[in-house]
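Colleague: Numbering (this note's numbering), first residue to last: 1370 to 1514. Glycine is no exception: its CB is placed at the ideal position from the N, C-alpha and C atoms.
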């Protein structure tokens, strides 16, 4: 009787989702073509043989390579979308600040107009008061003479 070779058993970690962090925005803006090269330069962590055992499937690496390339493209698209969102939000914030400063400048201009009007009225009233005082003092001098 010919016996088939038993499947190869290899110790490996349980499946854990890797959380990917977004690259800094400056590096995305400067070198968008180097994203794939940077990811391939980072070596994968060494396998931990103490966790569990599993059967190795020889077809899995071929499909994972295709998924990695599409995943890198997807990550790049996500990073570019975030950059566009931040750019749009910065434009909105700049516009809001511009409108706020316009309103503040108009209010300051109106306050200065009111204060200058008040000062001119005070000056004209003081001039009239002095004129009245001068005429009253002259009339009182005339009466006493």
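Just mark residue 1463 as buried or exposed, buried being the case when its beta carbon has 16 or more other beta carbons within 10 Å.
Modeller: Taking the first residue of the chain shown as position 1, residue 1463 is located at position 94. By the 10 Å Cβ count, residue 1463 comes out exposed.
Colleague: Which residues in the same chain have their Cβ closer than 8 Å to the Cβ of residue 1453, if we skip the five residues on either side of it in sequence?
Modeller: The sequence position of residue 1453 within the chain shown is 84, counting from 1. Contacts found: none.
Colleague: Is it right to say residue 1324 is buried, meaning 16 or more other beta carbons lie within 10 angstroms of its own, or is it exposed?
Modeller: Because the chain here runs from 1370 to 1514, residue 1324 falls outside it and cannot be looked at.
Colleague: May I have the straight-line CA-CA distance separating residue 1486 from residue 1508, to the nearest angstrom?
Modeller: In the chain shown, residue 1486 corresponds to position 117, counting from 1. In the chain shown, residue 1508 corresponds to position 139, counting from 1. Approximately 33 Å, taken between the alpha carbons.
Colleague: Taking only runs of the alpha helix (DSSP H) that begin and end inside the stretch 1453 to 1480, which ones reach a length of at least 4 residues, in chain order?
Modeller: DSSP runs (the alpha helix (DSSP H)) wholly in the stretch 1453 to 1480: none.
Colleague: Is residue 1505 close to chain C, meaning its C-beta is less than 8 Å from at least one C-beta of that chain?
Modeller: Among the chains of the structure shown, chain C does not appear; only one protein chain is present.
Colleague: Would you kindly work out how many angstroms separate the C-alpha atoms of residue 1468 and residue 1478, rounded to a whole number?
Modeller: By 1-based counting over the chain shown, the position of residue 1468 is 99. By 1-based counting over the chain shown, the position of residue 1478 is 109. Taking the straight line from one Cα to the other gives about 15 Å.
Colleague: Give me the Cα-Cα distance between residue 1443 and residue 1450, rounded to the nearest whole angstrom.
Modeller: Translated into the one-based positions of the chain shown, residue 1443 becomes position 74. Translated into the one-based positions of the chain shown, residue 1450 becomes position 81. Answer to the nearest angstrom: the Cα atoms are 10 Å apart.
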